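For reference, the structure is listed below as structure tokens.
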Amino acid sequence: MSRRLPTIHGVSEQDAGPYRMERLDLEFGNGERRQYHRLRGKGHGAVYVVPLLDDDTVLLVREYAAGMHRYELGLVSGRIDAGESALEAANRELQEEAGYAARSLHLLRMVSLSPRYMTHQAHVVVARDLYPSKLPGDEPEELERVPWKLDALHELVLREEFSEGRAVAALFMAREWLRHGGK
Numbered sequence: 000m001s002r003r004l005p006t007i008h009g010v011s012e013q014d015a016g017p018y019r020m021e022r023l024d025l026e027f028g029n030g031e032r033r034q035y036h037r038l039r040g041k042g043h044g045a046v047y048v049v050p051l052l053d054d055d056t057v058l059l060v061r062e063y064a065a066g067m068h069r070y071e072l073g074l075v076s077g078r079i080d081a082g083e084s085a086l087e088a089a090n091r092e093l094q095e096e097a098g099y100a101a102r103s104l105h106l107l108r109m110v111s112l113s114p115r116y117m118t119h120q121a122h123v124v125v126a127r128d129l130y131p132s133k134l135p136g137d138e139p140e141e142l143e144r145v146p147w148k149l150d151a152l153h154e155l156v157l158r159e160e161f162s163e164g165r166a167v168a169a170l171f172m173a174r175e176w177l178r179h180g181g182k
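When we follow numbering that gives the first Met the number 0, the leftmost residue of the sequence shown carries the number 0, and every step to the right adds one.
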């Protein structure tokens, strides 16, 4: 069923750190009025990089995750800087966090985080044909690099230290893309 989007009668904003909290005054197609809240990012987006050492092995990184106050295993990821494309950001973050650059970068798709109340989206990028290349990053310590076989994703997703949902989704999407002739 296709529905007409609600009419936005007004938007008010409030600063909330790296986000803006917006209050939307909405009217739905059936005449009902409601106020919804959403978080709108202030940046230029984010990237999640799936760095492939070969078509069977992804390179993960382990870094401190302040939100969980533990070390978390995950993908190379980060913000897109002003004036930077998603692919440029992916290659920069790869060099900063993992010490590699990629000769081949493929934008797989964008994924959202809590689309019911956030506007945040991240670009999922597959990085191939890696070569050593290090750029200084903002991490306070060297990140541990952990190769992981794609055919063992079922084991990875059950590990306590691997919990970031977009990373889980990105790995499964990349694996399926590769299985179906990803070029």
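Ideal Cβ placement from N, Cα and C applies to all residues, glycine included.
Since this is a predicted model, take the numbers as computed values, not measurements.
Boundaries of the alpha helix (DSSP H) in which residue i is found, first to last residue
i, result
"A85", "A85 to A97"
"E154", "L152 to L155"
Rounded separation between residue i and residue j - CA only
i, j, result
"M109", "G9", "28 Å"
"V124", "S111", "14 Å"
"A126", "R32", "46 Å"
"F161", "N29", "43 Å"
"E62", "P139", "10 Å"
"D53", "D80", "28 Å"
"V48", "L38", "24 Å"
DSSP state of residue i mapped onto helix, strand, coil
i, result
"V167", "helix"
"D54", "coil"
"M67", "coil"
"E141", "coil"
"A173", "helix"
"R158", "coil"
Where the beta strand (DSSP E) containing residue i begins and where it ends
i, result
"Y116", "Unbroken run through Y116: none, as it is neither H nor E."
Among the options, the one whose alpha carbon lies nearest that of residue i
i, options, result
"G73", "P50, I79 and G82", "P50"
"E163", "S113, D137, S11 and L177", "S113"
"L149", "E159, K133, G136 and A168", "A168"
Answer yes if the segment 85-104 comes into contact with the segment 2-20, meaning at least three C-beta pairs across the two stretches below 8 Å, and no otherwise. no
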